[in-house]
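Residue numbers (my numbering): 1 to 294.
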């Protein structure tokens, strides 16, 4: 290929990418820079911005509610990420060898919460957890687990676990679909050879199948971690951070500070810290997965 042809192809490629690049720069890159810049100002709607340097960051680390929100977010991530990954792998392992119709049926069932609107799913769960006529109280009393109705979303001890349960049910659909596809692409000749040589199912999975689905697992871990850190809609629609900040997460606290109290600089400072935490955890996951593949 001549230099002129290579130049034309390069120009054509950038022209095709131009619409995406415009959207990315306008709605992702520039807002990120503005978020970082504003985090160094006392920015509100009432007056002009006042430069405070690292004042917002100092205020943040002295804010007890921020630390409560951070601990709640960490709890959601620590519980949701491994359980979603392990359960999705277990379900995918059970259905990927089924007939096409049966496998498609189960994938559809597990994927329904993903394509269903968040508001609709949340309304159903809110009804189920209702302390007067919710089905969960009805069933729990019927089997003798509880004697009186429990205000699941109004109790600081149970509210965060209700959020984690709902997040779990809405997060397993995509990993299951990805794992079914990954397991279906595992080289069958290798697994058959291992079984002929006397390997157990566990040995076959760990030595043959697991290395081939590790990239999929890494992707699932990263996206599930990011989604868990960004848990907001459930909090907003179910508890609004209550009771007594028991379900506050960093994302919801950012929204509360920026769009309810109009403390944009303070909210952006928390957004910067959240982005750093997610980036560090994602880098750690890539590093650990990379060592596992060596």
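Even for Gly, the Cβ is constructed at its ideal location relative to N, Cα and C.
Only a predicted model underlies this, so the values are computations on that prediction, with no experimental measurement involved.
Strand pairing of residue i, partner residues [DSSP]
i: residue 51; result: 41
Contacts around residue i, its chain only, beta-carbon distance under 7 Å, and the 5 residues preceding and following it disregarded
i: residue 53; result: 40
i: residue 226; result: 278
i: residue 182; result: 213, 216
i: residue 195; result: 204
i: residue 79; result: 164
i: residue 57; result: 269
i: residue 177; result: 107, 111
i: residue 256; result: 241
i: residue 263; result: 44, 257
i: residue 281; result: 225
The alpha helix (DSSP H) enclosing residue i, as first and last residue numbers
i: residue 174; result: 173 to 184
i: residue 82; result: 64 to 95
i: residue 16; result: 3 to 24
i: residue 137; result: 135 to 142
i: residue 298; result: The chain is shown from 1 up to 294; residue 298 falls before or after that span and cannot be answered.
i: residue 105; result: 100 to 115
i: residue 28; result: Run containing residue 28: none; DSSP gives neither H nor E here.
i: residue 128; result: 118 to 128
i: residue 196; result: 188 to 196
i: residue 201; result: 201 to 204
Distance, residue j Cα to residue i Cα
i: residue 65; j: residue 219; result: 32 Å
i: residue 127; j: residue 112; result: 19 Å
i: residue 7; j: residue 19; result: 20 Å
i: residue 241; j: residue 163; result: 11 Å
i: residue 88; j: residue 223; result: 14 Å
i: residue 49; j: residue 137; result: 50 Å
i: residue 5; j: residue 21; result: 23 Å
i: residue 166; j: residue 287; result: 30 Å
i: residue 72; j: residue 235; result: 11 Å
i: residue 122; j: residue 261; result: 25 Å
i: residue 232; j: residue 289; result: 28 Å
i: residue 149; j: residue 84; result: 29 Å
i: residue 197; j: residue 16; result: 52 Å
i: residue 207; j: residue 94; result: 18 Å
i: residue 82; j: residue 102; result: 27 Å
i: residue 133; j: residue 124; result: 13 Å
i: residue 248; j: residue 77; result: 14 Å
i: residue 118; j: residue 259; result: 21 Å
i: residue 169; j: residue 11; result: 46 Å
i: residue 193; j: residue 202; result: 14 Å
i: residue 338; j: residue 90; result: Any question about residue 338 goes unanswered here, given that the chain covers just 1 to 294.
i: residue 120; j: residue 237; result: 10 Å
i: residue 32; j: residue 276; result: 12 Å
i: residue 42; j: residue 135; result: 47 Å
i: residue 62; j: residue 100; result: 56 Å
i: residue 116; j: residue 2; result: 51 Å
i: residue 60; j: residue 51; result: 16 Å
i: residue 174; j: residue 46; result: 44 Å
Beta-carbon proximity list for residue i, same chain, < 6 Å, skipping 5 on both sides
i: residue 253; result: 69
i: residue 243; result: 154, 156
i: residue 152; result: 129, 158, 162
i: residue 273; result: none
i: residue 186; result: 209, 212
i: residue 9; result: none
Chain-order list of residues whose beta-carbon lies under 8 Å from that of residue i (same chain, five-residue window excluded)
i: residue 26; result: none
i: residue 36; result: 268, 272
i: residue 191; result: 204, 208, 209
i: residue 160; result: 72, 75, 76, 246, 247
i: residue 180; result: 92, 95, 96, 103, 107
i: residue 251; result: 73, 229, 230, 231, 232, 235, 274
i: residue 147; result: 141
task = Can you check the segment 211 to 276 for any alpha helix (DSSP H) of at least 4 residues that lies completely inside it and give the ranges in chain order?
result = 233 to 238, 250 to 255
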